[in-house]
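The sequence shown lines up with residues -19 to -1, 1 to 108 when you count with mature numbering (1 follows the signal peptide of the UniProt record, and there is no 0). Since the structure comes first, as structure tokens, the remarks are kept for the end.
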Amino acid sequence: MVRSAWSCRLLISLTSVSAGYGFGALVTQSPGYLVKGKEQKAKMECVPIKGHSYVYWYWKKLEEALEFLVYLQNQKITDETEVFKQRFTAECLKNSCSLGINSTEAGDSAVFFCASSKATVVSIGCS
């Protein structure tokens, strides 16, 4: 069977989301897209809004719902999914955060979202 050069490639797209509190403030991500083969490492960067200490990573696969991957607070991983634990890494150093895939798989083709905020809601209750 002959395969095209694209049949074994993954397309990873990045999109920024901000939970900011002012106009003009943006989360930035790079690169805009990645194309990787199977079983390769991939790394995406995110610069949160200045003053935001909460960073979130999500991914959205074709025809699937947006899915949470990991949440970092003050540069430390606070919450992570099983999928993240198995194959992903995340870290924040000074003003930049990264999300890595240790070994890419065909199912990793997705749009990845980074978001930042100043605070998060821990619980909601009624009295």
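Backbone N, C-alpha and C fix where the C-beta goes; we use that ideal spot for every residue, glycine too. Please read these numbers as outputs of a predicted model, since none were measured by experiment.
Residue i, enclosing alpha helix (DSSP H) - first and last residue
i	result
E63	63 to 68
Which residues DSSP lists as bridging residue i, in chain order
i	result
I82	A23, F69
R100	Checking the sequence, you will find Ala at residue 100 rather than Arg. Beta-bridge pairing links A100 to no other residue.
L74	S77
Coil, strand or helix - residue i by DSSP
i	result
D89	helix
L53	strand
S34	coil
L15	strand
V8	coil
Cβ-Cβ distance between residue i and residue j below 8 Å
i	j	result
E86	S79	no
L50	Y39	yes
A6	I82	no
V8	A96	yes
A100	K41	no
F93	M25	yes
Q10	C27	yes
S77	H33	no
Range of the contiguous beta strand (DSSP E) that encloses residue i
i	result
L47	Unbroken run through L47: none, as it is neither H nor E.
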